[in-house]
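Chemist: Protein chains in written order, with the working numbering: chain H, 1 to 330; chain R, 331 to 563; chain D, 564 to 884.
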Amino acid sequence: MLGLTRKTKVSTGASLPVLAGLAAAAVFLLIGCLSSDTFAQQTVAGLSQGAIYGSLALALVLIYRATEVINFAQGEMAMATTYIAYQLTLWHVTYWLAFFLTIVIAFVLGVVVYGVLIRPVQHRSVIALVIVTVGMFILIDGLVTWKWGADLKFMAAPFGNQVYHAGGVAFSRQDLGVLLISILSVILLWVLFQFTKLGLAMRAAALRPAAAALVGVRVDWMLAVGWGLAAVLGAVAGLMTEPYVFLQPSMMQAILLYSFAAAVLGGLESPAGAVIGGLALGVFLNLFGQYAPRDIGSSELRLPVAFALLLVILLFKPTGLFGRKQVRRV
Amino acid sequence: MSALLELENVDARYGPVQALHGVSLRVAEGEIAAVLGANGAGKTTTLRAISGTVRRSGTVTFAGRPLRGGPDAVARRGIAHVPEGRGTFAELTVWENLRLGAHTRRAEKDDFARMQQYFPWLETRRSQQAGTLSGGEQQMLALARAFMQRPRLLLLDEPSLGLAPLLVTEIFRIIRELNEREGLAVLVVEQNAHIALQLAQTAYVLEVGRVALSGPSAELREHESIRRSYLGY
Amino acid sequence: MTRGLATRLTAIGIVVAIVVLLGFTMTDYHRGLGARVGIYFIAILGLNILIGYTGQISIGHGAFMAIGGYTTAIMSNYHHTNLIATLPLAFAITFVCGVLVGIPSLRFRGVYLALATFALAVSVPQLPLKWSKWTGGSNGIRTHTTPGNTWLYEVTWACVGLAFVGAWLILRGRTGRAFRSIRDSEIAAASSGVSLPIYKTLAFGISAAFAGVAGSLFVLVTNGFAQPNEFGVTLSLQILIGAAVAGLGSLYGTIVGALFVGLLPELSSSAPLIGSSHGQDVVFGAIVILVMLLLPNGVAGLLHAIDSRVKSAIKSDPTAS
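1. Does the contact criterion of 3 or more C-beta pairs under 8 Å hold for the region 230-238 of chain H versus the region 52-65 of chain H?
2. Please list, in chain order, all residues of the same chain as GLU793/D whose beta carbon is under 7 Å from its beta carbon, the five residues on each side excluded.
3. Of the residues GLU414/R, MET445/R, ARG416/R, which one's Cα is nearest the Cα of ARG429/R?
4. In the DSSP output, what is GLN459/R paired with across the bridge?
5. Quick check on the DSSP output: the alpha helix (DSSP H) that includes ARG506/D runs from which residue to which?
6. To the nearest angstrom, how far is it from the Cα of ALA364/R to the Cα of LEU223/H?
7. Given a cut-off of 7 Å on the beta-carbon distance, is the pair VAL412/R and LEU486/R in contact?
8. In terms of DSSP beta bridges, what is PHE788/D paired with?
9. Could you spell out where the alpha helix (DSSP H) holding LEU239/H opens and where it closes?
10. Helix, strand or coil for VAL674/D per DSSP?
11. Would you tell me roughly how many angstroms separate the C-alpha atoms of LEU536/R and LEU543/R, rounded to the nearest one?
12. Whole angstroms is fine: what's the gap from ALA437/R's alpha carbon to ASN509/R's?
13. Compute the Euclidean distance between the alpha carbons of PHE773/D and ALA606/D, then round it to the nearest angstrom.
14. For THR102/H, which residues in chain D fall below 7 Å Cβ to Cβ?
15. I'd like the span of the beta strand (DSSP E) that includes PHE171/H, first residue to last.
16. To be precise: take each residue of the region 208-236 of chain H, compare its Cβ to all Cβ atoms of chain R, and keep it if any distance is under 8 Å. Which residues remain?
17. When the distance is taken between beta carbons, is ALA51/H closer than 7 Å to LEU179/H?
18. Can you check whether the CB of ALA73/H is closer than 7 Å to the CB of THR145/H?
19. Using beta carbons (cut-off 7 Å, strictly below), is ALA24/H in contact with chain R?
20. Can you tell me whether ALA876/D is buried or exposed? The criterion is at least 16 other CB atoms within 10 Å of its CB, across all chains shown.
21. Report yes or no: is there a C-beta of chain H within less than 7 Å of the C-beta of LEU430/R?
22. So is SER686/D in contact with chain H if we call contact Cβ pairs under 7 Å?
23. How would you label GLU829/D, buried or exposed, when you count the other beta carbons within 10 angstroms and need 16 or more for buried?
24. Going by DSSP in three states, SER11/H sits in which element: helix, strand or coil?
25. Suppose contacts are defined by Cβ-Cβ distances below 7 Å. Is ALA789/D in contact with GLY601/D by that definition?
26. On the three-state DSSP scale, how would you describe ARG6/H?
27. At which residues does the alpha helix (DSSP H) containing ARG551/R begin and terminate?
28. Using three-state DSSP, classify GLY810/D as helix, strand or coil.
29. Quick one, which of PHE159/H, GLN248/H, SER299/H has its alpha-carbon nearest LEU143/H's?
30. ILE84/H to GLY226/H, Cα distance in whole Å?
31. What is the rounded straight-line gap between the Cα of GLY388/R and the Cα of GLU338/R?
32. Would you say PRO791/D reaches chain H, if we count a Cβ-Cβ gap shorter than 7 Å as a contact?
33. Hey, VAL186/H and ALA204/H: beta-carbon distance below 7 Å or not?
34. Report yes if the C-beta distance between LEU334/R and LEU483/R is below 7 Å; otherwise report no.
35. How would you call PRO293/H, buried or exposed, if buried means at least 16 neighbouring beta carbons within 10 angstroms?
36. Using beta carbons (cut-off 7 Å, strictly below), is ALA128/H in contact with chain D?
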């Protein structure tokens, strides 16, 4: 509480080489899409997968910025809220109404989790905080399996199964819908943070809690809202994942791992980085799986490849693509 | 004049170390009071004890009611604290810093208009990242931000620190203006005793966490030990 | 002999006596459990050296256990190597792997290091699936001989003893001081002449080596099978939980941590509260959370708190000598 200066420098993380690289990648993708149908299909599918990774990664970054902890339970929370949506549809609530109700419930759950489990330990031990989230992971997994069982369940497809054709390329309505909803939720969040009083207060509370308190910001409440919003993003990610892998307790586990990679790739303190990291990872993995030589492009190595990419990027930029350089003062 | 802020027998500690011992002081409505002393005397701790940033015992009364709670509660009561290091958000823009100052307020537009009377140049730097401002500009920004809170009492921690003499004069001129035109009470902590005693009506001298001397600045200026220790003659 | 040393030796003597006594009186099944506790102890000890003494966070020790485990399984399966002989081999190989991991890790800090090691925890267990010709793929590979629970209990706890003594020797000397100085302030340590790269990678190597031996024993305890899904993320997280419960920077809390991770899943599966097989997860998860809320600094923190309470009570008592 007493120290008001942080160790990081003021510069933003977006450096010229990174932006230039991303621009070059975008151009490359465009050319590829125009010249090959398969390429285009894999890119679109990769983008929608990547949008899911990006939303969950954004949730991770929100929480990391606010409370400096990696929430290992983010995926399980997302999974649990998806099961709640499922239960609502079993009670004859229509899909989209269930969607919105679930979002509200997720928000409340996020706030409660912060208040009950995180706040007490927040300032005492970093490791303890990490373990609390690990404990939550195990607990939630157990609770969901106990209540609904481990067998596969299905929800009504939110976007239908239509396939559109444009110039020989097949785009599924589902991929486009997932992409749209994910990007929409990210944009709404961005608007909240940039243009509203609440958003500004939240940013201030995450950046410099002591200074924020001095202007009257209730820092604890801001952090709670942060957790609530992260849970909302998780709920959206879970609901967008369900059409692809259907409902089972382990549905978000692999996605969480990819989202970790995406979040770190983008730089843990950068929301934009998380989203871009997610999209980039999704596209990269799809294209890699399609075009890499047989034995390293196989699906078993998808996860190790994602992390290999992460490690390579970290070796060049230890704080991720958009992460700020950490200046350590003595 | 009734006391706007009153500290009675306040102790403060950082863990096992006690930094303040039975400090009592008062700031009247619309008054400027100064807290002087050497490094480590407890000046900053006094302000922290008021804004609830450090654990304290004893009584602190503000506008007739006990002042309790952490910094955000104190801010909502109408006290603006510009701390050591200024408390500016270096990563945010000048405008965002000012908007944050108005966090507890409803009618932001009026606050902005009023603030611009005293800090007109800030308009031209709206979108500049606060961390890229010069030292003097950041101090002005901190002051402007505090004023956006429309407080009844301003707590200033060493506003002259690290600034060139010309800038120091300018800052203190603005503080005096805010005090005279807005009726803003000020409690300023300073190592620059000379300029602090010129600005303030009352002063308190701290030594090792205790109030060693207090009284009207005019008297203190002539006091033998003050002249020797702090004014250099 | 100082009073402190005498108390410590007595405590250790008591523990040794308990271990031996239990070894004779427990059922065979429980001896298997006892061996598991010992295995966790060694792994947690290793992780504690890394996190608690040099402040480098790793969530990837399951990967090192996998390497050690597969070393034992492969050597035994293909070359019929004596099981005990595979242990020093696993130790050496994982030490080298740990150092190799430690070198690039010098670039990462804090949470980035944690996630980079997490990447290892996720990826390394997948690799045997790729080279299934030699590693048996998802079915795993089995050791040539499968030892009984009594043998396992004895060997494991002998290793525990060696590990404990080894850790104690390393940590009390110059190396230990160097480690601690790095944890407290890397910049101060470096300016005092402590070579950061050497000590940090050394810590990684030692820590990994301990995990490697634990991994070998782990394979032996699970019927000699080395399988990819046994060394997954869950294992790395369990060791981390054990280290957190133990509390960092203390050798004595480690036994509690090992008991916690080794026994609690067993105990919670018989919890009357929920009853189904997933009741175990609910209870275990809930207890982990509860323990962390109550003891954020683990058992070590609790011991430290008790210790300082006792010390201040003695100080304020004028009649104490």
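Backbone N, C-alpha and C define an ideal beta-carbon position, used for all residues, glycine too.
Modeler: Short version:
1. yes
2. For the purposes of this step, residue 793/D is taken as residue 230 along the third sequence, with counting starting at 1. THR785, listed in sequence order.
3. The residue labelled residue 429/R in the question sits at position 99 within the second sequence. It is MET445/R whose Cα lies nearest to the Cα of ARG429/R.
4. As a first step, residue 459/R must be located in the second sequence, where it is residue number 129. DSSP lists THR423/R as partners of GLN459/R.
5. Coverage of chain D is limited to positions 564 through 884, which leaves residue 506/D absent and any answer about it impossible.
6. What you label residue 364/R is simply residue 34 of the second sequence in a count that begins at 1. What you label residue 223/H is simply residue 223 of the first sequence in a count that begins at 1. The alpha-carbon atoms of ALA364/R and LEU223/H are separated by roughly 36 Å.
7. For the purposes of this step, residue 412/R is taken as the residue at position 82 of the second sequence. For the purposes of this step, residue 486/R is taken as the residue at position 156 of the second sequence. Contact flag set, yes.
8. The residue labelled residue 788/D in the question sits at position 225 within the third sequence. ARG705/D.
9. Walking along the first sequence from the start, residue 239/H turns up at place 239. Residues 219-245.
10. Walking along the third sequence from the start, residue 674/D turns up at place 111. It is helical.
11. Taking the second sequence and counting its residues from 1, the one referred to as residue 536/R is at position 206. Taking the second sequence and counting its residues from 1, the one referred to as residue 543/R is at position 213. When rounded, the distance between both Cα atoms is 7 Å.
12. Residue mapping note: residue 437/R aligns to position 107 of the second sequence, counting from 1. Residue mapping note: residue 509/R aligns to position 179 of the second sequence, counting from 1. Each residue's Cα considered, the two are about 22 Å apart.
13. Taking the first residue of the third sequence as 1, we reach residue 773/D at position 210. Taking the first residue of the third sequence as 1, we reach residue 606/D at position 43. About 6 Å.
14. For the purposes of this step, residue 102/H is taken as residue 102 along the first sequence, with counting starting at 1. Result: empty, since nearest Cβ-Cβ is about 22 Å, beyond 7 Å.
15. Here residue 171/H corresponds to residue number 171 of the first sequence, with the count starting at 1. Counting along the chain, the beta strand (DSSP E) containing PHE171/H begins and ends at 169-172.
16. ARG208, ALA210, ALA211, ALA212, ALA213, LEU214, VAL215, GLY216, VAL217, ARG218, VAL219
17. As a working mapping, residue 179/H is identified with position 179 in the first sequence. As a working mapping, residue 51/H is identified with position 51 in the first sequence. Yes.
18. Along the first sequence, one-based indexing puts residue 145/H at 145. Along the first sequence, one-based indexing puts residue 73/H at 73. Cβ atoms of THR145/H and ALA73/H: not closer than 7 Å.
19. Residue mapping note: residue 24/H aligns to position 24 of the first sequence, counting from 1. Not an interface residue.
20. On the third sequence, position 313 is the one that residue 876/D refers to. Exposed: under 16 other Cβ atoms inside 10 Å.
21. Along the second sequence, one-based indexing puts residue 430/R at 100. True, the Cβ-Cβ gap to chain H drops below 7 Å.
22. Within the third sequence, the letter at position 123 stands for residue 686/D. Chain H, which has a Cβ nearer than 7 Å to the Cβ of SER686/D, makes this yes.
23. Sequence index remark: in the third sequence, residue 829/D carries index 266 (1-based). By the neighbour-count rule (16 or more Cβ atoms within 10 Å), GLU829/D is not buried but exposed.
24. Within the first sequence, numbered from 1, the residue matching residue 11/H stands at position 11. Below a pLDDT of 50, predicted positions are generally treated as unreliable, and SER11/H, at 46, falls in that range; no measurement from the model is reported.
25. Here residue 789/D corresponds to residue number 226 of the third sequence, with the count starting at 1. Here residue 601/D corresponds to residue number 38 of the third sequence, with the count starting at 1. Not in contact: ALA789/D and GLY601/D (Cβ atoms no closer than 7 Å).
26. Counting from 1 along the first sequence, the entry for residue 6/H is found at position 6. Summary for ARG6/H: the model assigns pLDDT 38, below 50, so the residue's position carries little reliability, and this model does not support an answer.
27. In the second sequence, residue 551/R corresponds to position 221, counting from 1. Unbroken alpha helix (DSSP H) run through ARG551/R: 547-552.
28. One-based indexing of the third sequence puts residue 810/D at position 247. If DSSP states are grouped into helix, strand and coil, GLY810/D belongs with coil.
29. Counted from its first residue, the first sequence places residue 143/H at position 143. For the residues PHE159/H, GLN248/H, SER299/H, the minimum Cα distance to LEU143/H belongs to GLN248/H.
30. As a position in the first sequence, residue 84/H is number 84, starting the count at 1. As a position in the first sequence, residue 226/H is number 226, starting the count at 1. The straight-line gap from Cα to Cα measures roughly 21 Å.
31. Residue mapping note: residue 388/R aligns to position 58 of the second sequence, counting from 1. Residue mapping note: residue 338/R aligns to position 8 of the second sequence, counting from 1. Rounded to whole angstroms, GLY388/R to GLU338/R spans 6 Å at the Cα level.
32. To locate residue 791/D, count along the third sequence from 1; it is residue 228. No, no contact with chain H.
33. Locating residue 186/H in the first sequence gives position 186, counting from the first residue. Locating residue 204/H in the first sequence gives position 204, counting from the first residue. No. Outside cutoff.
34. What you label residue 334/R is simply residue 4 of the second sequence in a count that begins at 1. What you label residue 483/R is simply residue 153 of the second sequence in a count that begins at 1. The answer is yes: Cβ separation under 7 Å.
35. Sequence index remark: in the first sequence, residue 293/H carries index 293 (1-based). Its Cβ having fewer than 16 others within 10 Å, PRO293/H is exposed.
36. By one-based count along the first sequence, residue 128/H stands at place 128. Answer yes: the Cβ-Cβ gap between ALA128/H and chain D drops below 7 Å somewhere.
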